Amino acid sequence: MTSSFTVHDASGYEQLMGRWSRKLAPSFIGFAGFAPGEKILDVGCGTGSLTFELAKSADLAAIAAIDFSPVFVEAAKRRNTDPRIEISQADATALPFADHAFDRALALLVLHFVPEAGKAVAEMRRVTRPGGVVAAVVWDHLGGMAGMRMMIDTVAALSESGRQLRGRYCFQPMMQPGEMKRTFIEQGLADVTETELMIRMDYQDFADYWTPISAGEGSLGKYVTTLQAAERERTEAAVRDAYQAGRPDGPRSFANVAWACRGVAP
13 MTSSFTVHDA SGYEQLMGRW SRKLAPSFIG FAGFAPGEKI LDVGCGTGSL
63 TFELAKSADL AAIAAIDFSP VFVEAAKRRN TDPRIEISQA DATALPFADH
113 AFDRALALLV LHFVPEAGKA VAEMRRVTRP GGVVAAVVWD HLGGMAGMRM
163 MIDTVAALSE SGRQLRGRYC FQPMMQPGEM KRTFIEQGLA DVTETELMIR
213 MDYQDFADYW TPISAGEGSL GKYVTTLQAA ERERTEAAVR DAYQAGRPDG
263 PRSFANVAWA CRGVAP
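Residue numbers (the numbering used here): 13 to 278.
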């Protein structure tokens, strides 16, 4: 499997998206649920936003976490002090676990980066016991991420490459209404429910917003690194203008919506 997400440095990812993943994790856990004594799998753990939020519950028996990126796996392992947690590098479309090994398999903000997302859902179902829960959540890039759309629409107005980026970014897998639900049903899950979860992304100033992007993190950062110096400066100035919106630089807050889906393994 490959991943369409670009990561260079774990700390850069934390500033770009990890801090918001941590903010979303409690709501996602509330939607996915858990019960005392359960074993839970975190698919695409990143730096551990969901893993370590789950570990706050002393009632869980074990938490396995996997990610495709060795950068993320190393960072999560460095953070871990809980003996119930086991973190390893693995492919979401070929999970290295036995059938029915977990009570729940969860994926926080990862399925839209998996080229064969349906196969990943099928693997999550396979490793979940009958009656157990499979759940996932992804950002709504098209209609639910005001802060990121601010940049996407700005670069789309500047160049053809920016318009192409917008087309790719807004229509990644699993992001359209009902898309995850259909995939869950197609992969044999029952009692499938889809809902929306929302957080706010709060930035201290434009530098807080722009630094990880300019460093090349994520799909937006990857785009910026392809630009020539003059075009990068023009892009940064235009995005800064959009962020500031005619007011002095400083804090800004953006609403961000994610699609969440849950189903029961047969």
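All C-beta atoms in this analysis are idealised placements derived from N, C-alpha and C, irrespective of residue type, glycine included.
Just so we're clear, the structure is a prediction, and the values are computed from it rather than from any experiment.
So what does DSSP say about P82, is it helix, strand or coil?
helix
Going by the beta-carbon positions, is the gap between A76 and F125 smaller than 9 Å?
no
Residues of its chain near P48, where Cβ-Cβ distance is below 6 Å and the 5 sequence neighbours each way are ignored:
D71
With 16 as the cutoff for other CB atoms within 10 Å, does Q199 come out buried or exposed?
buried
Rounded to whole angstroms, what is the Cα-Cα separation between K51 and G230?
31 Å
Would you mind sorting M160 into buried or exposed? The rule is 16 or more other CB atoms within 10 Å of its CB.
buried
Pairwise C-alpha distance: I97 and Q188:
33 Å
Excluding sequence positions up to five away, which residues of its chain have a Cβ less than 7 Å from the Cβ of F266?
A158, G159, R212, M213
Would you mind giving the Cβ-Cβ distance between V146 and R137, rounded to the nearest angstrom? I have them listed as a contact below 8 Å.
5 Å
Distance check for L239 and A73, CA to CA, integer angstroms please.
48 Å
Given that a residue counts as buried once 16 or more other Cβ atoms are within 10 Å of its Cβ, and exposed if not, what is F64?
buried
Could you name the residues of the same chain whose beta carbon sits closer than 8 Å to that of A119, not counting the 5 residues immediately before and after it, in chain order?
D54, V55, G56, A104, A132, M136, A147, A148, V149
Is it right to say M210 is buried, meaning 16 or more other beta carbons lie within 10 angstroms of its own, or is it exposed?
exposed
Given a cut-off of 9 Å on the beta-carbon distance, is the pair M192 and L107 in contact?
no
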